[in-house]
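One structure is given here, and the rest of the page talks about it.
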Amino acid sequence: MTLKQLETFFWVVRLKSFVAAAQRLNTAQSTVSMRINELEEHLGVRLFERQGRSMVPTRSGRDLFWYVDRALAMLAEAREQVANPSVQRGTVRVGVTELVAVTWLSDLVTRINAHYPDVSVELNVDLTVDQLRKLEEFQIDVALVPGPIKAPEYLQVSLGSVEFRWMASPRIPIGDVLLTPGDLESWPLLMLTPQSHLHPVLGSWFRSPLNELPHANFANSIGAVLELAVAGLGIAYLPVEHSRPQIEAGLLRVLTTSPVLPSIEYYAIYNRRDSQGFSETVANIARLCSGFKSAAPA
Numbered sequence: 010m011t012l013k014q015l016e017t018f019f020w021v022v023r024l025k026s027f028v029a030a031a032q033r034l035n036t037a038q039s040t041v042s043m044r045i046n047e048l049e050e051h052l053g054v055r056l057f058e059r060q061g062r063s064m065v066p067t068r069s070g071r072d073l074f075w076y077v078d079r080a081l082a083m084l085a086e087a088r089e090q091v092a093n094p095s096v097q098r099g100t101v102r103v104g105v106t107e108l109v110a111v112t113w114l115s116d117l118v119t120r121i122n123a124h125y126p127d128v129s130v131e132l133n134v135d136l137t138v139d140q141l142r143k144l145e146e147f148q149i150d151v152a153l154v155p156g157p158i159k160a161p162e163y164l165q166v167s168l169g170s171v172e173f174r175w176m177a178s179p180r181i182p183i184g185d186v187l188l189t190p191g192d193l194e195s196w197p198l199l200m201l202t203p204q205s206h207l208h209p210v211l212g213s214w215f216r217s218p219l220n221e222l223p224h225a226n227f228a229n230s231i232g233a234v235l236e237l238a239v240a241g242l243g244i245a246y247l248p249v250e251h252s253r254p255q256i257e258a259g260l261l262r263v264l265t266t267s268p269v270l271p272s273i274e275y276y277a278i279y280n281r282r283d284s285q286g287f288s289e290t291v292a293n294i295a296r297l298c299s300g301f302k303s304a305a306p307a
C-alpha cells in the first residue's frame, strides 16, 4: 500500500466518485482507477460497489476507511507540527462572504503568504449557504462565514461579531423615534437575498417571512444594498462599521429599533480531517487579523 493509494481511496469514499476524486487530487480518472485497483489487489478484497451514480464502499472498504481516515489525519497533524512552513507546498482554498472580502481579506492573504511562502491561496466569494455547501463537498478548505454550525466533522474558530442596524438616508422622512418591526413594514425595505444568513434572523424579528412583507426588496450584495440606501430608495439592514463612512458623511443615519437584533458571529470553519494540514493554521491566522469586534488582537 502506498500513501497515494490511501489518499485516493479516502477521496473516492468522501466524494463517492472516481471523477470527483480525480479533480480533487488534480490527476486523471484513469490514475484514480489504477490506484484503487492496485489497492484492491494488494488487500485481496473489493473496496467499492456502484449504487446508481455513486461509488460506495463495501464492508471491507468501510473497515479500511476507519483506519485510513485516522492515519491521514495524524499525518496532516504531524506535517503541520513538524514541517517548516517555508517548505510547505500546495494550495489552500478559502471561501469568504462579501463582508470579509471588502474589509480584511487583503490582510489575511498577506499573512498567509508570509507564513506559507510557497502555498497558493485560492479565494472564493459567495453567500454563506453556498460556502457551507462547498465546504461539505470539499470544494474549499476553510470557510469564513457566520456561524456557528452544528456538525461534528467541523472545527470552528471565532472571528468576532458584526453589528448590523437598520439605516436610512436623510431623504427618507422617518422620524427620530423608537421603531418597531410593524413601523418598518410600511416603508420600502432593502435587505440581502433570502439565501443570506440574515434571512432567518430578520424573519424572526418581523415574525413573518421576508418575501411576504409588502415592500421588501432584495439584493445579493451588501455593496448594492448600501448604494440603494444612500440613494434614498429604502430602509436597509447594514453592517455598522462597514457603513461608517456613509454614516459620518451624513449620507445614512442609524435608526433606533426595538427589539434590538443580536450581532452576527463569524467563524473560520474547516474539516477536522483536513488532509493537507493547512486549514487549522489558516483559521488561526484569520482569527488574528479579523477586523470584527472581539476578535483576538493581531
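The opening position of the sequence shown corresponds to residue 10 in this note's numbering, with each subsequent residue numbered one higher.
For glycine and all other residues, C-beta sits at the position ideal for the given N, C-alpha and C.
Taking its Cβ as the centre, do 16 or more other Cβ atoms sit within 10 Å of residue i, making it buried, or is it exposed?
i, result
"D127", "exposed"
"K159", "exposed"
"W75", "exposed"
"M10", "exposed"
"F27", "buried"
"A305", "Reliability fails at A305, whose pLDDT of 44 lies under 50, so the model's placement of it is uncertain and the value that follows must be treated cautiously. Looking at its Cβ environment, which holds fewer than 16 other Cβ atoms inside 10 Å, A305 is exposed."
"Q60", "exposed"
"A80", "exposed"
"V269", "exposed"
"P209", "exposed"
"L115", "It is worth fixing the name first, because residue 115 is Ser in this sequence and not Leu. Exposed, because fewer than 16 other Cβ atoms sit within 10 Å of the Cβ of S115."
"A307", "Legend: pLDDT at A307 = 43, less than 50; position of this residue unreliable, no value from coordinates given."
"L12", "exposed"
"L235", "buried"
"A225", "buried"
"A37", "exposed"
"M83", "exposed"
Starting from residue i, follow its DSSP beta bridges and name the residues at the other end.
i, result
"P209", "DSSP, once it has assigned bridges, lists no residue as partnering P209."
"N226", "L199"
"I244", "L198"
"Q38", "DSSP lists no partner for Q38."
"Y279", "V151 and L164"
"V171", "I273"
"L188", "T266"
"T112", "DSSP, once it has assigned bridges, lists no residue as partnering T112."
"K302", "S170"
"V65", "E58"
"L132", "V103"
"M43", "DSSP output for M43 lists no bridge partner at all."
"M176", "A245 and V263"
Would you mind stating whether residue i and residue j have Cβ atoms separated by less than 8 Å?
i, j, result
"S357", "Y275", "Residue 357 lies beyond the stretch modelled for the chain, which goes from 10 to 307, so this question has no answer here."
"V151", "A277", "yes"
"G104", "K143", "yes"
"L201", "F227", "yes"
"V22", "A31", "no"
"W196", "I244", "yes"
"S267", "L136", "no"
"L108", "I231", "yes"
"L164", "T106", "no"
"R102", "E58", "no"
"S252", "L261", "yes"
"I273", "P155", "yes"
"L198", "L237", "no"
"V77", "L15", "yes"
Short of 8 Å in beta carbon distance, which residues of its chain neighbour residue i, apart from the five on each side in sequence? Order them along the chain.
i, result
"P218", "G212"
"A240", "S178"
"T189", "T266 and S267"
"R180", "G241"
"E162", "N280, R281 and R282"
"G99", "V128, S129, Q285 and F287"
"I183", "A177, W196, I244 and L264"
Taking 7 Å as the limit between beta carbons, can you name the residues of its chain near residue i, skipping five residues before and five after?
i, result
"R33", "W20, L24 and F147"
"L56", "F18, I45, L48, E49, P66, T67, S69, G70 and L73"
"P203", "L219, N220 and F227"
"A110", "V134"
"H51", "M10"
Once the 5 residues before and after residue i are set aside, which same chain residues still bring their CB inside 6 Å of it?
i, result
"V300", "It is worth fixing the name first, because residue 300 is Gly in this sequence and not Val. The answer, listed in chain order, is T112 and W113."
"V54", "S69"
"V166", "A277, A292 and R296"
"K302", "G169 and S170"
"E145", "none"
"P97", "Going by the sequence as given, residue 97 is Gln instead of Pro. Closer than 6 Å at Cβ, skipping near neighbours: Y125 and V128."
Evaluate contact between the segment 290–299 and the segment 119–134, counting only Cβ atoms and requiring at least three cross-stretch pairs below 8 Å.
Output reads yes: the segment 119–134 touches the segment 290–299.
With a cut-off of 8 Å, do at least 3 Cβ pairs link the segment 172–181 to the segment 244–252?
yes
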